[in-house]
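Here the structure is laid out as structure tokens; the discussion comes afterwards.
2 protein chains.
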Amino acid sequence: MFWVKVPFLSVLCAVLFVTNGFVTADSNDCELPPGLREEIAGYQSVVDSIFHHIVSGEYAGKTWQSLLEFTDRFGPRLTGTKQLEDAIDFAVQEMINEGLDNVHTEEAIVSNWQRGREWAELVEPFKKNLPMLGLGKSVGTPPQGITAEVIAVESFEEFDHFTEEQVKGKIVVFAPAWVGYGVTGRYRYESPAVAAKKGAAAVLIRSMTPFSIGSPHTGTLQYDPDVQRIPAAAIAVEDAMLLLRKFRRGDKMIVHLKMEAANLEPTVSRNTIGELEGHTFKNTSVVVVSGHMDSWDVGTGASDDAGGVFISWKAVSFLKAMGLRPRRTIRAIYWTAEEVGVEGADAYERQHAENEEEEFNVFFESDSGTFEPIGLDFSGNSEAQCIFAEIAKLMPGFDEFTYTEGTVGSDIGTWERRGFPGVALRNKNENYFWYHHSEGDTMELEDPVALDKSTALWAATAYVIADLSIDIPKDIVENNSN
Amino acid sequence: MFWVKVPFLSVLCAVLFVTNGFVTADSNDCELPPGLREEIAGYQSVVDSIFHHIVSGEYAGKTWQSLLEFTDRFGPRLTGTKQLEDAIDFAVQEMINEGLDNVHTEEAIVSNWQRGREWAELVEPFKKNLPMLGLGKSVGTPPQGITAEVIAVESFEEFDHFTEEQVKGKIVVFAPAWVGYGVTGRYRYESPAVAAKKGAAAVLIRSMTPFSIGSPHTGTLQYDPDVQRIPAAAIAVEDAMLLLRKFRRGDKMIVHLKMEAANLEPTVSRNTIGELEGHTFKNTSVVVVSGHMDSWDVGTGASDDAGGVFISWKAVSFLKAMGLRPRRTIRAIYWTAEEVGVEGADAYERQHAENEEEEFNVFFESDSGTFEPIGLDFSGNSEAQCIFAEIAKLMPGFDEFTYTEGTVGSDIGTWERRGFPGVALRNKNENYFWYHHSEGDTMELEDPVALDKSTALWAATAYVIADLSIDIPKDIVENNSN
Chain A
1 MFWVKVPFLS
11 VLCAVLFVTN
21 GFVTADSNDC
31 ELPPGLREEI
41 AGYQSVVDSI
51 FHHIVSGEYA
61 GKTWQSLLEF
71 TDRFGPRLTG
81 TKQLEDAIDF
91 AVQEMINEGL
101 DNVHTEEAIV
111 SNWQRGREWA
121 ELVEPFKKNL
131 PMLGLGKSVG
141 TPPQGITAEV
151 IAVESFEEFD
161 HFTEEQVKGK
171 IVVFAPAWVG
181 YGVTGRYRYE
191 SPAVAAKKGA
201 AAVLIRSMTP
211 FSIGSPHTGT
221 LQYDPDVQRI
231 PAAAIAVEDA
241 MLLLRKFRRG
251 DKMIVHLKME
261 AANLEPTVSR
271 NTIGELEGHT
281 FKNTSVVVVS
291 GHMDSWDVGT
301 GASDDAGGVF
311 ISWKAVSFLK
321 AMGLRPRRTI
331 RAIYWTAEEV
341 GVEGADAYER
351 QHAENEEEEF
361 NVFFESDSGT
371 FEPIGLDFSG
381 NSEAQCIFAE
391 IAKLMPGFDE
401 FTYTEGTVGS
411 DIGTWERRGF
421 PGVALRNKNE
431 NYFWYHHSEG
441 DTMELEDPVA
451 LDKSTALWAA
461 TAYVIADLSI
471 DIPKDIVENN
481 SN
Chain B
1001 MFWVKVPFLS
1011 VLCAVLFVTN
1021 GFVTADSNDC
1031 ELPPGLREEI
1041 AGYQSVVDSI
1051 FHHIVSGEYA
1061 GKTWQSLLEF
1071 TDRFGPRLTG
1081 TKQLEDAIDF
1091 AVQEMINEGL
1101 DNVHTEEAIV
1111 SNWQRGREWA
1121 ELVEPFKKNL
1131 PMLGLGKSVG
1141 TPPQGITAEV
1151 IAVESFEEFD
1161 HFTEEQVKGK
1171 IVVFAPAWVG
1181 YGVTGRYRYE
1191 SPAVAAKKGA
1201 AAVLIRSMTP
1211 FSIGSPHTGT
1221 LQYDPDVQRI
1231 PAAAIAVEDA
1241 MLLLRKFRRG
1251 DKMIVHLKME
1261 AANLEPTVSR
1271 NTIGELEGHT
1281 FKNTSVVVVS
1291 GHMDSWDVGT
1301 GASDDAGGVF
1311 ISWKAVSFLK
1321 AMGLRPRRTI
1331 RAIYWTAEEV
1341 GVEGADAYER
1351 QHAENEEEEF
1361 NVFFESDSGT
1371 FEPIGLDFSG
1381 NSEAQCIFAE
1391 IAKLMPGFDE
1401 FTYTEGTVGS
1411 DIGTWERRGF
1421 PGVALRNKNE
1431 NYFWYHHSEG
1441 DTMELEDPVA
1451 LDKSTALWAA
1461 TAYVIADLSI
1471 DIPKDIVENN
1481 SN
């Protein structure tokens, strides 16, 4: 998961979502259109059938098995790499084999950052390797690396007290305590520019995680176009705290940092699309189910976000195989280039901007883990909320249906912010950030039963929404960003 | 903690100890020497006083604070490095400042392995960095590294099915499921020789841990003197399993391994000694309390084994400061070069072999974590067991006093195997191997209250044993190893 950088209030909303600030909708307080409550209740048997087939029937275990074979076959899928494009080709061919409709890709011009070899070490007052991961889009160091004295702070406020003279030529360590990805994530995005403004040579940030076994966690940074771009990397929580304690005691420290990272010329990647075409509406009022195909180049990106891709993919495949075809099209989209800045979704949005109000109804995205599901998160206007809550009653055992006053997914955020309803998977992801963007993001995090339940919940909800007699209401504001 | 390689039965005993196979002594079934039960009961007030001073009195928090300052100041302490020797010098000076008796060091010739830069990556069929740590004492690769096809197996038995022709020139991955350190640890020790016998170019082992966030765990290997020495490294559990699954599916894989590791000429290090001298016996019937000063070159070796050093050190310092001087000497020893093969303790044993039966009574070692203590593990003959159990009753709230039919510490194992009683700290170390020999072995594992309790339990038990009217019984067998 990449957390899209938006104005501060939106970041706060994202945090509310990630933690536990939500409003639970009570549909009994709602006035629904005449007959809709009864109509929704009429889907109970088909919902039960979808769950039965996927969780305990012929599709049980298949989401996990497909996800395993996929991540084992292609490994991590960094934007700009052949293995991402190979994975996309594979998905296209498999969806064709499964008989999905309108299987194709749509191109996007994307960033092309490569890591190269890299290392960091404390060289004075004692030697210690500092396990690290360069931040996505970081520039590299000169070939000989950077060897410089360390300044370590816990916050931007603390850094304010340092003068340019004190900072110039130094490696600045930012070691903010973990609060949450929305709040603490600012340090990953902003530290390089903040430090460079005062002449720092490089930046090391404490990894964005509440728990560590000496593992670094990567992710993108955001340079300020008006400020020198300096190398930036994440180090382990333990090392960041060690350097902070030593600095505060007055210990002079020298760190050597070497990064071969480079931002190459932008390249072409593809969003990947396969559909279960609606029997009444084809290219209008589409229900999008999605995840992102790209990952960081660590672990195998099983959780971030191949899991989201596969529950979206298999939801459509299994509905198709079960012979269920709703009124509206359910379109599975596997976004490209999410991690480097939601670039695939942004390209798709531009390409579909002209008729988007007619083309789309609801956007689903799963990009916060596919651990044991406990419900869904919704965003949308009050009428949408009422209908979501009524649909929620159909889903057996997933009683955390929550309404979020913000966005529920990064790729779909651009549509949500303009009034399209959004849906995300609510799951037992309390430990998601232990592994996020680290070498620990692998199949070890994925469980067959949890994935079956996730796929079933995704499929059943998408099916009901796509088949209802009315669209989910939306209040579209004009897109001024394109 | 290094687990000393001993004949197979001893390894099994060690496993029994590490997991939960133990015999709880019930001293009520014992015939103690006349009056001893009453004599031991008479120590209750001094035991309570020791606990009070260390856990809630003027020494509360001081073990943790000293450990923090020490690990922050010297970092990891690999045998052969200046920072290990600096740490030893510091300990000597501090113990002198604290007024301990007979503070000195005793030299040992030790291994001098250095890691150098190292990396491993899967290069075919897709690219993936493989986080790794070369195993201690491994040889390096040629300067250009080794690029070779992979064979992956789960066990030695599975590897038996491969012919020399199949193995020759390959990189062999051993990915044994984690059972426990004693059983699974064999793969770290033995894999390089097992694979080299069939002509393998290098070995990668699954890290010795039940839980992973993509972190590798180092530790020593044991070459067979009659077999070619090949480079060997640990990779993360997740990557080992990925390679094993791919190999079993028939995927051809190429790995590139580069290690600058080198075994330099042996060098001189030192065991570090400070005492609380007995008022009746000085250099006879000594009670040794110990941990090892060296660590691997990852993390800061806070848990393995600076924690053991500091509870031993501070137990003696606090008893001294409290004005408690027992009949027998309590000797704190901080062993050197444990991780590379118990070399410091072996040297000490040789240097003290001549009069060892007279010189020593009981050996304490803490080298399995200093998490929340729950009791003590003992080894010794049945008379010793009875007395231990009676002493155990004095210790408030630490009711897991267990008797082990094996050894309870690696440095002290040589004496235990010859009949000297041994004592180890029993603590809530269920997650010890999550961090063991990895970058995660840092102060984040250490808790001030747990350390206070550990130091108090260590001090009180050592004091009572050192002050009793009789020695703890022992059945010494002759040392034939020197």
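So the sequence lines, in the order shown, correspond to chains A and B. Numbering follows the numbering used here, in which position 100 of the first sequence is assigned residue number 100; successive positions increment by one, without gaps. Numbering follows the numbering used here, in which position 438 of the second sequence is assigned residue number 1438; successive positions increment by one, without gaps. Think of the CB as a built atom: it goes at the ideal place given N, C-alpha and C, for glycine as much as any other residue. Computed from a predicted structure; not experimentally measured.
- Among the residues of the region 1209–1239 of chain B, those with a Cβ less than 7 Å away from any Cβ of chain A are SER1212, ILE1213, GLY1214, SER1215, ALA1236, GLU1238, in the order of the chain.
- Beta-bridge partners of ASP101 (chain A) (DSSP): A:GLU275.
- Three or more Cβ pairs drawn from the region 1255–1262 of chain B and the region 1128–1139 of chain B lie within less than 8 Å of each other, which places the two stretches in contact.
- It is roughly 14 Å from the alpha-carbon of CYS1386 (chain B) to the alpha-carbon of LEU1394 (chain B).
- Among the residues facing chain A, SER1438 (chain B) is included, as its CB has a counterpart in that chain under 8 Å away.
- In this structure, GLU238 (chain A) lies away from THR1071 (chain B), with their beta-carbon atoms at least 8 Å apart.
- Chain order gives the chain B residues near GLY75 (chain A) as LEU1122, PRO1125, PHE1126, LYS1127, LYS1128, LEU1242, where near means a beta carbon separation below 9 Å.
- Contact between the region 199–215 of chain A and the region 231–250 of chain A is present, with at least three C-beta pairs closer than 8 Å.
- If the five residues before and after ALA1315 (chain B) are omitted, its C-beta is found closer than 7 Å to the C-beta atoms of VAL1289, THR1455, TRP1458, ALA1459, ALA1462, all from its own chain and listed in chain order.
- GLY1099 (chain B) and PHE1388 (chain B) have their C-alpha atoms some 30 Å from each other.
- If you draw a straight line from the Cα of ALA1321 (chain B) to the Cα of ILE1054 (chain B), it comes to about 11 Å.
- THR81 (chain A) and TYR1403 (chain B) have their C-alpha atoms spaced approximately 58 Å apart.
- Look at GLY409 (chain A) here: in three-state DSSP terms it is coil, with no helix or strand label.
- Where LYS1314 (chain B) is concerned, the enclosing alpha helix (DSSP H) starts and stops at 1307–1321.
- At a cut-off of 8 Å between C-beta atoms, TYR435 (chain A) counts as an interface residue with respect to chain B.
- In the assembly as shown, THR1163 (chain B) is an exposed residue. Its beta-carbon has fewer than 16 other beta-carbons within 10 Å.
- Taking the Cα positions, ASP305 (chain A) is about 6 Å away from HIS292 (chain A).
- When only Cα atoms are considered, ARG270 (chain A) and GLY1182 (chain B) end up about 50 Å apart.
- Under the 8 Å criterion on CB atoms, ASP1072 (chain B) is classed as interfacial with respect to chain A.
- For GLU444 (chain A), the residues of chain B that pass the 7 Å Cβ criterion are GLU1238, in the order they occur in the chain.
- Residue pairing for GLY1375 (chain B): DSSP places it in a beta bridge opposite B:GLU1400, B:ARG1426.
- Going by DSSP, GLY344 (chain A) is part of the alpha helix (DSSP H) stretching over 343–351.
- Exclusion of the five residues before and after PHE433 (chain A) leaves TYR181, MET208, THR209, PRO210 as the residues of its chain whose Cβ lies within less than 7 Å of its Cβ.
- C-alpha of GLU1121 (chain B) to C-alpha of THR105 (chain A): approximately 31 Å in a straight line.
- With a threshold of 8 Å between beta carbons, PRO1131 (chain B) makes contact with chain A.
- In this chain, the beta strand (DSSP E) harbouring TRP119 (chain A) covers 118–124.
- Per DSSP, reduced to three states, the secondary structure at SER45 (chain A) is helical.
- Of all residues in the region 78–110 of chain A, the ones placed with a Cβ closer than 7 Å to any Cβ belonging to chain B are GLN83, in chain order.
- By the Cβ criterion, the region 1197–1208 of chain B is in contact with the region 1227–1234 of chain B, since at least three pairs of Cβ atoms, one from each stretch, lie closer than 8 Å.
- Assignment of beta-bridge partners to TYR334 (chain A) by DSSP yields A:THR272, A:GLY291.
- In this structure the region 1156–1176 of chain B does not lie against the region 1217–1228 of chain B, because fewer than three pairs of beta carbons, one per stretch, are closer than 8 Å.
- Distances from the alpha-carbon of ASP1224 (chain B) to those of B:GLY1413, B:LYS1252, B:GLU1190 put B:GLU1190 closest.
- Counting the other Cβ atoms within 10 Å of the Cβ of ALA1177 (chain B) gives fewer than 16, which makes it exposed.
- Three or more pairs of CB atoms, one per stretch, sit closer than 8 Å, so the region 1351–1363 of chain B contacts the region 1465–1474 of chain B.
- Using a CB distance cut-off of 8 Å, GLY140 (chain A) does not count as an interface residue toward chain B.
- Scanning the region 1181–1241 of chain B for uninterrupted alpha helix (DSSP H) segments of 4 residues or longer gives 1181–1196, listed from N- to C-terminal end.
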